[in-house]
Ligand code: LMR
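In this note's numbering, the protein residues as written are 6 to 419.
Next up, the structure:
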């Protein structure tokens, strides 16, 4: 009977990571998966996490099932981090938050929940978007379409194209937006542009679903959450409007395998939020019954302690600073190499994208063929869309990457 099962062609991002791990070449560089590596090329264990874990191991006891929607201390900490402690929506308890299996789990939980109540809606994601967005919403039963986002001609945002599509969507269409550090392009909206998007969302009664997987990697924890916090304040016909937020702790706690994230649904009032929490719990029960304990409790210990939270934030700030420095080092190195080859002007977009885009990723504009050459000839791994994870660069490899990229760009130009 199982003869009908076809082979899995692999995930476009995670299979590359596997291929990288199997690659025996000395000096190989992984700029594919969205993972933060430190300057020594290792996935860091953050000191605040280590401290919380050490304390926890000393006091660990029986491990009962967690509530279906997750632990209260974790869910409360999520709301404070995502929305801010003093946000009216937090204070008036009108946010329903469930602990999830990473940010992907939050997206899927939200998608399943939405499909139950809005089965006729369509989902709209940016073009391009994180590779897995389409798959997650399609798996929940939604048709998925795209709105214009990246402008290849400028390496920036096609805001008019984006607004043109949003302005025509049917009410209750679900619009997936990236809070900050857009994946894969590194191109974010300005606050003025966000305000225009919110106005359309409210006017057309769209359902915004914000994915925030990189809080802390753009401009800082609060700045990166600005869009989420502002939208949670937006009104629709005088009433607070609904919104969904998926957040992940994989990157900003460097706890990828612990699968910690949350789904927050901003509701009109506390009563609605309680009902939504209940139905999220029921959805969780039907999929995987409940979240695991350890990672979530480590995160809650850090976020709920002034001392550990300050330590964590300082470490996260340093990670963001290092990524920024790597952006400019790759830019400068590449500029120098291109200059030597007389090709600086012809790769102007690539150079400016490294400086102007932000967060973990740069969308280089390199073709799939150029990416293949980088991997096959120089052991430098990018995603085939041309996405480069800046957080995989370090002082030891950035020079080699600049040379390899310059060679690949000029080979095509000559
Ligand atoms: C990425 O975009 O590389 C990360 O979010 C990892 C993943 O799950 O795709």
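Yeah, the Cβ is synthetic: ideal placement off N, Cα and C, and Gly gets one too.
The beta strand (DSSP E) enclosing residue i, as first and last residue numbers
| i | result |
| --- | --- |
| residue 362 | Careful: residue 362 lies outside any beta strand (DSSP E) and carries neither H nor E. |
| residue 141 | Element bounds for residue 141: not the beta strand (DSSP E) but the alpha helix (DSSP H), 136 to 144. |
| residue 304 | That residue, residue 304, is in no beta strand (DSSP E); its alpha helix (DSSP H) goes 299 to 308. |
| residue 181 | 179 to 183 |
| residue 393 | 392 to 394 |
Cβ neighbours of residue i in the same chain (closer than 6 Å, five flanking residues each side left out)
| i | result |
| --- | --- |
| residue 261 | 255 |
| residue 380 | 386 |
| residue 404 | 338 |
| residue 123 | 177 |
| residue 271 | 94, 100, 237 and 248 |
Residue i - containing alpha helix (DSSP H), residue span
| i | result |
| --- | --- |
| residue 343 | 311 to 345 |
| residue 216 | Per DSSP, residue 216 belongs to no alpha helix (DSSP H); it is in the beta strand (DSSP E), 212 to 217. |
| residue 154 | Per DSSP, residue 154 belongs to no alpha helix (DSSP H) and is neither H nor E. |
| residue 84 | 77 to 88 |
| residue 174 | Careful: residue 174 lies outside any alpha helix (DSSP H) and carries neither H nor E. |
| residue 196 | 196 to 208 |
| residue 120 | 107 to 122 |
| residue 21 | 19 to 27 |
Exposure of residue i, with buried meaning 16 or more beta-carbon neighbours within 10 Å
| i | result |
| --- | --- |
| residue 288 | buried |
| residue 146 | exposed |
| residue 172 | exposed |
| residue 120 | buried |
| residue 292 | exposed |
| residue 220 | buried |
| residue 92 | buried |
| residue 188 | buried |
| residue 296 | buried |
| residue 344 | exposed |
| residue 235 | exposed |
| residue 350 | exposed |
Chain-order list of residues whose beta-carbon lies under 8 Å from that of residue i (same chain, five-residue window excluded)
| i | result |
| --- | --- |
| residue 168 | 201, 202 and 205 |
| residue 290 | 73 |
| residue 341 | 407 |
7 Å CB neighbourhood of residue i in its chain, flanking five on each side removed
| i | result |
| --- | --- |
| residue 313 | 53, 56, 57, 306 and 307 |
| residue 298 | 68 and 71 |
| residue 152 | 129, 131, 132, 167, 170 and 171 |
| residue 384 | 28, 30, 32, 33 and 34 |
| residue 163 | 153, 154, 155 and 156 |
| residue 327 | 44 |
Residue(s) in a DSSP beta bridge with residue i
| i | result |
| --- | --- |
| residue 386 | 35 |
| residue 253 | 266 |
| residue 161 | 156 |
| residue 6 | Per DSSP, none; premise fails for residue 6. |
| residue 131 | 152 |
| residue 245 | 240 |
| residue 100 | 271 |
Okay, do the region 121 to 128 and the region 151 to 166 touch, 3+ Cβ pairs below 8 Å being the bar? Short answer: they don't touch.
Spell out a yes or no on whether the region 19 to 31 and the region 296 to 308 are touching, meaning 3 or more CB-CB pairs, one atom from each, closer than 8 Å. The answer is no - the region 296 to 308 does not touch the region 19 to 31, with fewer than three Cβ pairs under 8 Å.
Check whether the region 28 to 48 touches the region 394 to 409, taking contact to mean three or more Cβ pairs, one atom from each stretch, closer than 8 Å. Counting Cβ pairs under 8 Å, three or more are found: they touch.
Pairing CB atoms from the region 240 to 253 with CB atoms from the region 207 to 226, are three or more of them under 8 Å? Judged by Cβ distances under 8 Å, the region 240 to 253 makes contact with the region 207 to 226, as three or more pairs qualify.
Say whether the region 261 to 279 touches the region 355 to 372, bearing in mind that this needs 3 or more beta-carbon pairs closer than 8 Å, one atom from each stretch. Per the Cβ contact rule, the region 261 to 279 is not in contact with the region 355 to 372 (fewer than 3 Cβ pairs under 8 Å).
Report yes or no: do the region 332 to 342 and the region 71 to 87 share at least 3 C-beta pairs separated by less than 8 Å? Contact between the region 332 to 342 and the region 71 to 87 is absent, because fewer than three Cβ pairs lie under 8 Å.
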